[in-house]
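Numbering-wise (the numbering used here), the sequence shown opens with residue 3 and increments by one.
A short worksheet on the structure shown next.
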Amino acid sequence: GRLPFVGDANIIDWVKTLERMQHTQVDYFVPGHGSASNQPQQTMDLTYRYLKFLLEKLSKAVEDMEQFEETYEAIDWSEFENETAFDIANRMNAYAVYLFLEKTLD
């Protein structure tokens with residue numbers, strides 16, 4: 003699998019879209035970055051689990067007004083740390099979601 007690049011996406015809508023797609027039969031899944039996957043369900047499942055994980059962990063931190071750095075260091079990332087692009091994208095994704103949630107949860 004490969005972790006997605008979140009950027010300035012609306013992660014809440016992204017998760018809802020993946021939820022609607024869960025029972026759709028597809029032959030390929032084409033992510034925004036990287037090559038098409040010929041294991042679409044596995045790719046969608048990984049993306050969904052990762053985005054839900056980010057939302058769950060970071061929503062609580064934002065609601066509790068915790069600092070990003072402390073929050074990031076306290077999260078157990080072991081479920082995703084061996085996925086492609088983790089070292090490159092994870093901290094950036096987490097921070098993007100944190101900022102998005104700060105605006106959204108006001």
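Beta carbons are placed, not taken as given, at the ideal position from N, Cα and C, and that holds for glycine.
Compute the Euclidean distance between the alpha carbons of residue i and residue j, then round it to the nearest angstrom.
i, j, result
"Glu-58", "Ala-96", "11 Å"
"Ala-37", "Asp-66", "For clarity, residue 37 is Ser in the given sequence; the question names Ala instead. One C-alpha to the other measures close to 38 Å."
"Ile-13", "Leu-53", "7 Å"
"Ala-76", "Arg-22", "31 Å"
"Val-17", "Gly-34", "15 Å"
"Asp-47", "Gln-24", "8 Å"
"Asp-78", "Ile-90", "17 Å"
"Glu-83", "Asp-10", "22 Å"
For residue i, which residues in the same chain have their Cβ closer than 8 Å to its Cβ, ignoring the five residues on either side in sequence?
i, result
"Pro-42", "Val-28, Asp-29, Tyr-30 and Phe-31"
"Leu-107", "Ser-61, Val-64 and Glu-65"
"Arg-93", "Tyr-74"
Ignore the nearest five residues each way along the sequence and tell me which others in residue i's own chain have a CB closer than 7 Å to its CB.
i, result
"Thr-49", "Pro-6 and Leu-20"
"Asn-40", "Tyr-30"
"Leu-103", "Leu-60, Ser-61 and Val-64"
Just verifying my parser: in three-state terms, what is the DSSP assignment at residue i?
i, result
"Thr-26", "coil"
"Phe-31", "strand"
"Ser-61", "helix"
Assuming the contact rule is C-beta atoms closer than 8 Å, residue i and residue j should be a hit. Round their C-beta distance to whole Å, please.
i, j, result
"Gln-44", "Gly-3", "7 Å"
"Ala-98", "Val-8", "5 Å"
Excluding the five sequence neighbours on either side, which residues of its own chain have a C-beta within less than 6 Å of the C-beta of residue i, listed in chain order?
i, result
"Thr-73", "Ala-63"
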